[in-house]
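Undergrad:
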Amino acid sequence: MGSVTSFFGGLCGKEKKIEEERLFRANDRPYNLSYQYANNAIRTSKYNVFTFLPLNLFEQFRRLANAYFMFLMVLQLIPQISSLSWFTTAVPLILVLSITAVKDASDDINRHTSDKQVNNRMVNVLIDGELKKEKWMNVQVGDIIKLENNQFVTADLMLLSSSEPLNLVYIETAELDGETNLKVKQALIVTGDLGDSTDLLARFNGQVRCEPPNNRLDKFKGTLSLDGQTYSLDNDKVLLRGCTLRNTEWCFGLVIFGGPDTKLMQNSGKTTFKRTSIDHLMNVLVLCIFGFLASMCTILAIGNAIWEGVGAGLSSFLSFWSYVIILNTVVPISLYVSVEIIRLGNSFYIDWDRKMYYPKNDTPAHARTTTLNEELGQIKYIFSDKTGTLTQNIMAFNKCSINGKAYGELFDFSGQRVEITEKTERLDFSWNQLADPKFIFHDHSLLETVKEGNPEAQDFFRLLALCHTVMPEEKKEGELYYQAQSPDEGALVTAARNFGFVFRSRTPESITAVEMGKQVTYELLAVLDFNNVRKRMSVIVRSPEGKLTLYCKGADTIIYERLHPSCNKLKEVTTGHLNEYAGDGLRTLVLAYKDLDEEYMDEWRKRHHEASTAMDGREEMLDELYEEIEKDLQLLGATAVEDKLQDGVPQTIEQLAKADIKIWVLTGDKQETAENIGYSCNMLREEMKEIFVVAANTPEGVKEELVNARKKMCPEAADEPSVISSRAGLLWLQKIERVEDEKVEGEYGLVINGHSLAFALEKDLHLELLRTACMCQTVICCRVTPLQKAQVVQLVKKYKQAVTLAIGDGANDVSMIKEPRSCLSRDGGGLKKKSVVFADTVGLALTDVRLFVSEPSPLSSGPGTTPHLDDNQGQNDKVCLETDGSNGHQEEAYRGYTRLSQYRPLHTTLGIENSSDPQSLQRGLSTVREWRAKGSAKQ
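Numbering-wise (the UniProt record's numbering), the sequence shown opens with residue 1 and increments by one.
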C-alpha cells in the first residue's frame with residue numbers, strides 16, 4: 001500500500017524529499033512552514049471512509065479462496081455457461097467478506113478513536129506572546145509549549161527552562177523503554193535564564209540545526225545558534241514524546257519533531273501481517289485443489305467434445321466453465337472461517353489457563369493475537385535473554401574484593417567456610433542514621449575495615465557513591481529513595497550508603513555525599529557515559545581540597561586493559577576473586593581510579609567542549625578523548641551482585657528440554673556468570689557428555705574450536721555442510737536454503753564468547769557455527785551485543801526454517817525479538833516490556849532441600865562410581881533429593897538446589913577430595929551419618 005501511495009504521489013509531484021538535516025527558528029511559524037515539516041497529528045489507522053471498501057477488499061482477495069469464488073461468481077453471471085444462479089456463490093462469499101470486513105472495521109474504528117483522543121489533547125502553546133490552549137495536532141515545529149507536572153510530553157522538545165534549580169526536569173520513560181525509574185534532563189544555561197517569563201520566551205529567536213527524524217532513542221545531535229554563539233545539543237537536553245513529566249512543577253520546551261517524525265512514532269514501525277505455516281499450507285492445499293478441479297473440468301470438456309463430434313470446440317470451451325461452476329464445492333469456502341474460529345477458541349483457552357496465572361501481580365495470560373497461537377506448539381528453538389528474563393533483575397550487594405582482600409563470606413575458628421542462612425547474624429547499621437534498613441550484609445570485617453579508616457576501603461565506597469547516574473529522592477528528612485537506571489547501580493549505591501558513604505543529592509555541576517557522618521560536596525567536571533560498546537562509566541570530580549580524580553567502573557576485561565602496569569600483582573589476586581564470584585553466578589564489576597593534573601584537565605576540557613559541539617564525527621571525537629583519559633588507572637577492587645532466578649525457571653527449562661526444544665541464551669554477562677546461571681537453570685547439566693567452550697581470539701582459532709567440537713559430537717559428519725536449496729511459498733516462487741540436522745548421540749552444551757561469536761558470524765564461518773551449535777541441546781552466547789543477538793536468531797531462521805521464539809525484557813533485546821515468528825510478553829508492575837514469567841510447571845516449591853545418602857553395596861563397585869542426582873530417590877543412585885512443598889523463601893532454596901546440582905560444592909561440603917576414590921566417598925558417607933545422628937541432615 002505504501003509503495004502504491006508513493007507511486008501516485010510521485011506522479012502528482014508530491015513525493016516527499018528525503019530530509020538530510022532539520023533547520024528551524026523558534027517563534028517563526030511562516031519560516032518553519034516553508035520547509036513543510038510534519039505537524040503533531042498522528043495516524044495509526046489503516047482506512048478512512050473512502051478507502052475502507054477498496055483497500056479491505058483488496059486485502060481479502062489476496063486469499064486464494066476468496067479470489068476463486070469471486071471469479072466463480074463472475075462466471076455464473078454468463079448465461080451461456082452457468083447452470084446455477086449467481087447468488088448461490090454470492091451469498092456465502094458476501095457473508096464471509098462481510099464478517100471479516102466488520103471485524104477489520106471494528107479494529108480500525110478503535111484506532112481512529114485512539115488517534116482522535118491523543119490528537120485532541122490540550123497543551124499550552126506560546127502564540128503571539130500569550131499562552132493559549134491548543135490541540136496537540138495543531139502544534140508545529142518551532143512552537144514553544146509549556147508542560148506541567150504529570151503531563152505527557154507533547155512532541156520531541158528541546159528543553160528551554162524549568163521550575164527546578166539549575167533547570168533540571170525529571171521524566172519517566174516507561175512508554176518508551178519500559179523503565180519506571182526517573183531520568184534527569186537539563187536545559188542550557190543560556191535558555192534557562194528565560195525562566196517562565198512569556199515576554200522573554202516570546203522574544204527568543206534561536207535557530208536550531210539538528211539531525212533528521214530517526215528512531216535512535218538514546219542519541220541526538222544538534223546545535224543552537226543564538227546571538228552569534230553556538231551551543232551543543234545532545235540527548236540530555238531533549239524530551240521525547242511519550243515521556244511523562246514528574247516532580248517538576250513546570251517546564252518550557254521548543255518543538256523539534258512532531259507527529260510521525262517523533263522518535264516514538266519512528267520506532268513504532270509498520271504493522272506487518274505474519275502468516276503462519278498453517279496459512280501457507282492452506283494456500284498450497286487450495287492451489288492443489290484448483291489443479292485437481294481444472295484437470296477434472298478439462299477431462300469432462302474433452303469428453304464433451306468427443307461426445308458431440310466435429311465442430312464442438314466452442315461448446316467444449318463453454319462446458320469447461322460450466323463444469324467449473326458445477327464442481328465449485330470441491331474448493332471449501334468455509335476452510336478459512338473454520339480455522340479462524342478454532343484459533344479464536346484456542347486464544348480463550350490461553351486466557352482461561354489457571355496454570356499460566358501469575359498471582360504475585362494478579363496477571364493472567366493474555367493472547368494478544370489469534371493468528372500465531374498454533375505456532376507455540378511447533379517451536380523448535382527458544383532464544384532468551386538472561387538478566388530480567390531467566391533472572392528477576394532484583395540485585396543484592398553480596399560480596400566484594402578491596403585491595404586484594406575478599407569480603408562477604410564467613411569462616412569459623414578453624415578457617416572453614418560457614419554457610420550463610422536467614423538465621424545468620426546480620427550487620428548492625430544503627431550507627432548510620434541514613435542507612436537503608438532493608439540492606440543485608442553479614443561480614444563484620446568489612447565494616448571494621450571501613451571504620452578503621454582504611455584508605456582503599458574508603459576510596460572503594462567513595463567511588464560507588466560518586467560514579468553512577470542514580471537520582472535521589474528525599475520525601476522526609478533522612479528517608480532516601482534512589483531512582484536507578486539499572487538495578488545494579490541501585491544495589492551498589494545502597495551498599496555505599498550503608499557503609500558510611502551516603503549519596504545525598506546531585507546537580508549537573510556537583511555531587512553531595514555524607515562520608516562517615518561528614519557532608520562533602522564534590523564539583524562534577526565530566527561524566528563519561530556507559531554504553532554497550534564502552535562497557536564502563538567514569539566521572540571526573542574535584543574534592544573540596546582541590547584534588548582532581550577520575551573514578552571508573554566497568555567490565556573486568558575492559559578495565560584490565562586500561563590499568564597501570566604497577567597493578568599486575570593486585571590484578572592477579574582480584575581475578576581469582578572475580579572467578580569465584582562468577583562461579584557463584586554473581587554479576588561483577590571492577591573499580592579503578594586515577595589522579596589528574598589541573599593543567600592537563602583544563603586542556604582536556606577545552607577539547608571536550610569542541611568535540612561535544614561538533615555536528616560531524618562528534619561520537620568518534622568524544623570516544624578518542626575518553627580513551628585518552630581513561631588509561632593508567634589504579635585498581636581498587638571488584639563488586640559482586642546477586643541476580644535472583646525467576647520462580648520456577650529450572651523446572652520449566654527441564655520440561656522444555658524433554659520436549660526436545662533447544663534453548664539458546666544470548667546475554668551480555670561474562671562467561672563464568674552465564675555458565676553458572678546455566679547450571680542453576682538446568683540448561684547445563686552434569687549428565688551432558690561434554691560442554692564445549694569457544695573463546696578463541698582469531699577467526700582461525702574459532703574455526704578450529706568449532707570443528708573440533710563438531711567432530712567429537714559426530715565423527716562421521718562431512719567436512720562441508722550440506723546446504724539444500726529448494727523453493728517454497730505460493731507457486732514456489734520463494735528460494736530457500738536449508739541445513740539439515742545431523743544426528744548426535746547424547747546431549748552436549750556450547751558456550752561461546754562475544755568476540756569469538758563476532759568471528760563465527762562472518763560469512764565464511766557462520767555455517768560452521770550453525771552446524772556445531774544445532775548439534776547441542778543448549779547454547780549460551782556471552783558478552784553479546786544487541787546486533788549479535790539479532791544475527792544469531794536470523795542465522796537459525798534462515799537455514800533451519802524452524803519456528804522460533806524470542807524472550808527478552810529490555811531495549812537491548814528489541815532487535816532479537818523482531819526476528820522470530822513468536823514472542824512472549826508480560827504486563828506487570830507497570831512495565832511495558834517484553835518479558836516472560838516462568839510458571840512453576842510441576843507446582844513444587846523448593847523450600848526445604850534435604851540430602852540423603854543411601855548405603856547400597858555399589859559404593860564399592862570401583863573407581864568409576866560417582867554420586868549424582870535422580871528423581872527416583874535411592875533406587876539406582878547414591879545421592880537424591882527430597883523436597884516438600886511448604887511455603888517459604890524460594891530464593892534460598894534455589895541457591896541450595898544450585899549447590900546440590902553442581903558436584904564440586906557438594907564434594908567440598910561432604911569432605912570428598914576425589915570423587916573416583918571409594919575411600920573418599922566413604923568419608924563423605926560418614927559425614928552424612930554424623931549429620932543424621934545429630935539431627936542436622938538439613939543442608
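Glycine is no exception: its CB is placed at the ideal position from the N, C-alpha and C atoms. Remember, it's a predicted structure, so these values are computed and weren't measured experimentally.
1. Less than 8 Å between the CB atoms is what I'm expecting for N110 and N39, so what's the real figure, rounded?
2. From the DSSP secondary-structure annotation, give me the bridge partner or partners of K251.
3. Nearest-angstrom Cα distance between V665 and M73?
4. Relative to the alpha-carbon of K798, which residue among R771, I807, T778 has its alpha-carbon at the smallest distance?
5. In chain order, what residues of the same chain have a beta carbon less than 8 Å from the beta carbon of T223, not counting five sequence neighbours either side?
6. How long is the line joining the alpha carbons of E20 and S505, rounded to whole angstroms?
7. Does DSSP put C210 in a helix, a strand or coil?
8. Do K183 and K237 come within 8 Å of each other at the CB atom, strictly closer than that value?
9. Would you say the region 352-369 touches the region 773-789, given that touching needs at least three Cβ pairs under 8 Å?
10. What does a CB cutoff of less than 7 Å around W431 pick up in its chain, not counting 5 residues either side in sequence?
11. Taking 6 Å as the limit between beta carbons, can you name the residues of its chain near E642, skipping five residues before and five after?
12. Secondary structure at R504, three-state DSSP: helix, strand or coil?
13. Alpha carbon to alpha carbon, how far is T89 from Y68? Give it in angstroms, no decimals.
14. Could you tell me whether the Cβ atoms of V520 and K553 are closer together than 8 Å?
15. Only counting the same chain, and skipping five residues up and downstream in sequence, which positions put a Cβ closer than 7 Å to that of Q483?
16. Among H609, Q378, P487, which residue has its Cα nearest to the Cα of A659?
17. Confirm, please, whether the CB-CB distance from G259 to A582 is below 8 Å.
18. If we ignore side chains and look at the alpha-carbon of each, how far apart do A839 and E561 end up?
19. Would you check if the distance between the CB atom of E134 and the CB atom of V123 is smaller than 8 Å?
20. With a Cβ-Cβ cutoff of 8 Å, do D595 and L548 count as a contact?
21. Let's see if you can read the secondary structure: which residues bound the beta strand (DSSP E) around I326?
22. Report the partner residues of M122 according to the DSSP bridge assignment.
23. Just reading off the beta strand (DSSP E) that P472 is part of, what are its end residues?
24. From which residue to which residue does the alpha helix (DSSP H) around A709 run?
25. Is the separation between the beta-carbon of F439 and that of V450 shorter than 8 Å?
26. Determine contact between the region 247-259 and the region 145-154, defined as no fewer than three beta-carbon pairs at a distance below 8 Å.
27. So, A496 versus L464, is the Cβ gap smaller than 8 Å?
28. Would you call the CB atoms of V337 and I278 closer than 8 Å?
29. Give me the Cα-Cα distance between A555 and E700, rounded to the nearest whole angstrom.
30. Spatial neighbours of F429 within its chain, please: CB distance less than 6 Å, with the 5 preceding and 5 following residues excluded, ordered by chain position.
31. At what residues does the alpha helix (DSSP H) containing V337 begin and finish?
32. Just to confirm, are V331 and A65 a CB contact at a threshold of 8 Å?
33. Since I724 and E740 should fall inside the 8 Å C-beta cutoff, what is the C-beta to C-beta distance between them, to a whole number of angstroms?
34. How big is the Cα-Cα spacing for N215 and F152?
35. Taking the alpha carbon of I691 as the point to measure from, which residue in V702, G678, L264 has its own alpha carbon closest?
TA: Short version:
1. Wrong, their Cβ atoms sit about 23 Å apart, outside the cutoff.
2. In the sequence under discussion, the amino acid at residue 251 is Cys, which differs from the Lys named in the question. Answer is L147, S162, bridged to C251.
3. Each residue's CA atom was taken as its position, placing V665 and M73 some 53 Å apart.
4. For K798, the nearest C-alpha among the options comes from R771.
5. Excluding residues within five positions, the ones whose Cβ falls inside 8 Å are V208, R209, C210, T230, Y231, S232, L233, T613, M615.
6. Whole-angstrom Cα-Cα distance: 41 Å.
7. Of the three classes helix, strand and coil, the one that applies to C210 here is strand, per DSSP.
8. In this structure, the beta-carbon distance from K237 to K183 does not fall below 8 Å.
9. No, the region 352-369 is not in contact with the region 773-789.
10. Excluding residues within five positions, none has a Cβ falling inside 7 Å.
11. Closer than 6 Å at Cβ, skipping near neighbours: A396, N398, L586.
12. Assigned with DSSP and collapsed to three states, R504 falls in strand.
13. Between Y68 and T89, the alpha-carbon positions lie close to 11 Å from each other.
14. Taking C-beta atoms as the reference points, V520 and K553 fail to come closer than 8 Å.
15. Excluding residues within five positions, the ones whose Cβ falls inside 7 Å are N181, L182, V470, M471, E473.
16. Ranking the options by Cα distance to A659, first place goes to Q378.
17. Taking the C-beta atoms as reference points, G259 is found no nearer than 8 Å to A582.
18. For A839, the predicted model reports a pLDDT of 28, less than 50, meaning its position is unreliable; a value from the coordinates is still stated below. One alpha carbon belongs to A839, the other to E561, and they sit about 42 Å apart.
19. A contact, by the Cβ cut-off of 8 Å.
20. At a Cβ-Cβ threshold of 8 Å, D595 and L548 count as neighbours.
21. Premise fails: I326 lies in the alpha helix (DSSP H), 313-326, not in any beta strand (DSSP E).
22. Per DSSP, K135.
23. In the DSSP annotation of this structure, the continuous segment of the beta strand (DSSP E) that includes P472 starts and ends at 471-476.
24. A709 -> alpha helix (DSSP H) spans 699-713.
25. A distance of 8 Å or more separates the beta carbons of F439 and V450.
26. Two segments are said to touch when three or more pairs of C-beta atoms, one from each, lie closer than 8 Å; by this definition the region 247-259 touches the region 145-154.
27. A contact, by the Cβ cut-off of 8 Å.
28. It is not a contact, given that the beta carbons lie outside the stated cut-off.
29. When rounded, the separation of the alpha-carbon atoms in A555 and E700 is 26 Å.
30. Around F429, the same chain offers A435, N498 as residues with beta carbons nearer than 6 Å, after the five sequence neighbours per side are excluded.
31. Element bounds for V337: 334-352.
32. In contact: V331 and A65 (Cβ atoms closer than 8 Å).
33. In this structure I724 touches E740 by the C-beta definition: roughly 6 Å separates them, less than 8 Å.
34. So the two alpha carbons sit approximately 19 Å from each other.
35. The candidate whose alpha carbon is nearest that of I691 is G678.
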